[in-house]
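Peer 1: Last residue of the sequence shown? That's 320 in the numbering used here, and every number before it is there in order. C-beta: ideal position from N, C-alpha, C; glycine also.
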Amino acid sequence: MVSEVKPTKEQSREDEALDLYLTALLAGNSPDSACQEPEQILSLHTNNLEQPETGRSSTFDKPAADVRKTGSSLPAENPDPEMDQQQTRQSESRSSELKLLTLKVGGLTLTTPLSALCGAISYPGTISTLPEQPDWFLGLFQHNGAKIAIADMGKLVNHGRQNYTRSLSLQPYSTVLLLKGGKWAVTCDEIGEVIRPLNDEIRWREQREKIPWLLGTVISPPAALIDMRSLIPI
87 MVSEVKPTKE QSREDEALDL YLTALLAGNS PDSACQEPEQ ILSLHTNNLE
137 QPETGRSSTF DKPAADVRKT GSSLPAENPD PEMDQQQTRQ SESRSSELKL
187 LTLKVGGLTL TTPLSALCGA ISYPGTISTL PEQPDWFLGL FQHNGAKIAI
237 ADMGKLVNHG RQNYTRSLSL QPYSTVLLLK GGKWAVTCDE IGEVIRPLND
287 EIRWREQREK IPWLLGTVIS PPAALIDMRS LIPI
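(1) If I follow the unbroken beta strand (DSSP E) through LYS241, where does it start and stop?
(2) Suppose you measure from the CA of ARG315 to the CA of TRP299; what does that come to, to the nearest Å?
(3) Taking the beta carbon of ASN249 as the centre, do at least 16 other beta carbons fall within 10 Å, making it buried, or is it exposed?
(4) Alpha carbon to alpha carbon, how far is ASN285 from ILE234? Give it in angstroms, no decimals.
(5) Between ILE207 and chain C, is there a C-beta pair that is closer than 7 Å?
(6) Taking the straight line between their C-alpha atoms, what separation do you get for GLY302 and ILE288?
(7) Which one of LEU264, SER208, VAL272 and GLU218 has the shortest CA to CA distance from VAL191?
(8) Would you mind giving the Cβ-Cβ distance between LEU226 and SER208, rounded to the nearest angstrom? I have them listed as a contact below 8 Å.
(9) Should GLY193 be labelled buried (16 or more other beta-carbon atoms within 10 Å of its own) or exposed?
(10) Expressed to the nearest angstrom, what Euclidean distance is found between the alpha-carbon atoms of LEU189 and HIS245?
(11) State yes or no: is the C-beta of THR49 within less than 7 Å of the C-beta of ILE312?
(12) Which value, in whole angstroms, describes the spacing of the CA atoms of VAL280 and PRO220?
(13) Entirely within the stretch 257–300 and at least 3 residues each: give me those beta strand (DSSP E) ranges in chain order.
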C-alpha cells in the first residue's frame with residue numbers, strides 16, 4: 087500500500103503565496119510600460135558567488151547610459167543575431183530541453199530560463215545611484231570593467247501591489263543575476279537548483295498582453311515562470 091505524501095507546512099505556505107501572487111497579477115497588476123555560459127551559474131550558487139568589483143569611489147566618471155523615467159535612454163538588450171526576440175522566446179519556452187533556474191525573491195519562488203542569464207554575483211558593495219529614476223532602478227555598478235544597470239526584481243514582480251514594501255537597509259538582497267547582453271542585472275534573495283520540466287509540467291499562458299513577462303507556472307516545484315527580457319520595462 088502506497089502512503090500519501092503530504093506537503094510540508096513550508097511547501098503549503100509557498101503554494102499559497104504563489105497562488106495569491108498570480109491571482110493579483112492576472113487581475114491586472116502589470117509593470118509600466120562580460121558573461122559566463124549559463125551552465126557555469128550552477129557553480130556559483132553554493133556559497134561561492136563571485137565578488138563584484140567595489141571600485142575606489144561611490145560614483146563613476148560618466149554613466150554608460152542616463153536612465154530616465156521616460157525610458158528613452160535605458161540600456162537596451164542586444165538583439166539575438168540568429169533570430170528575432172519572439173522566435174527566440176518561443177523556441178526556448180516550448181523546448182523539451184528547457185532548463186530553468188529556480189530563485190527566491192521575498193517569499194516568492196520564481197523560475198526563469200537559464201539561457202537568459204550569464205552569471206551570478208554577490209550584491210555589489212558599491213552602487214552609483216542616479217537622480218529622478220523609477221523606484222525599481224537601483225543604479226549602476228562596475229563588473230569586469232563594464233558598467234551594469236541593476237534592477238530591483240522584488241519591485242518589478244510586485245508592481246501594483248499596494249501592500250508590497252521592502253527596505254533594502256533592513257532586508258538587503260544577497261545576490262545579483264547578470265542578464266545576457268551585459269547591460270542589466272536583477273536582484274534576488276536566493277538561487278536554487280536548475281530543473282528541466284517537461285511541457286506538460288508547465289501551465290503556459292497564451293494571453294500575455296497585460297503581463298508579457300509572466301510565461302506561466304511550473305507545477306512542481308510550484309513557481310511562476312518569468313521572462314527576464316520582458317521583466318525590465320525599457
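Peer 2: Looking at the atomic coordinates:
(1) By 1-based counting over the sequence shown, the position of residue 241 is 155. Segment 239–243 is the alpha helix (DSSP H) holding LYS241; no beta strand (DSSP E) there.
(2) As a working mapping, residue 315 is identified with position 229 in the sequence shown. As a working mapping, residue 299 is identified with position 213 in the sequence shown. Between ARG315 and TRP299, the C-alpha separation is close to 8 Å.
(3) In the sequence shown, the residue the question calls residue 249 occupies position 163. ASN249 comes out exposed.
(4) As a position in the sequence shown, residue 234 is number 148, starting the count at 1. As a position in the sequence shown, residue 285 is number 199, starting the count at 1. Whole-angstrom Cα-Cα distance: 34 Å.
(5) Any reference to chain C falls outside this structure, which holds one protein chain only.
(6) For the purposes of this step, residue 302 is taken as residue 216 along the sequence shown, with counting starting at 1. For the purposes of this step, residue 288 is taken as residue 202 along the sequence shown, with counting starting at 1. Near 7 Å, if we compare the C-alpha coordinates of ILE288 and GLY302.
(7) The count along the sequence shown starts at 1 and reaches residue 191 at position 105. Ranking the options by Cα distance to VAL191, first place goes to VAL272.
(8) For the purposes of this step, residue 226 is taken as the residue at position 140 of the sequence shown. For the purposes of this step, residue 208 is taken as the residue at position 122 of the sequence shown. With 8 Å as the limit, LEU226 and SER208 do not qualify as a contact, their Cβ atoms being about 17 Å apart.
(9) Position 107 of the sequence shown holds residue 193. That one is exposed.
(10) For the purposes of this step, residue 189 is identified with residue 103 of the sequence shown, where counting begins at 1. For the purposes of this step, residue 245 is identified with residue 159 of the sequence shown, where counting begins at 1. Near 18 Å, if we compare the C-alpha coordinates of HIS245 and LEU189.
(11) An answer regarding residue 49 cannot be provided, because it is not within the stretch 87 to 320 covered by the chain.
(12) Walking along the sequence shown from the start, residue 280 turns up at place 194. Walking along the sequence shown from the start, residue 220 turns up at place 134. If I take the Cα positions, the gap works out to 31 Å.
(13) 261–265, 270–274, 276–281 and 288–290
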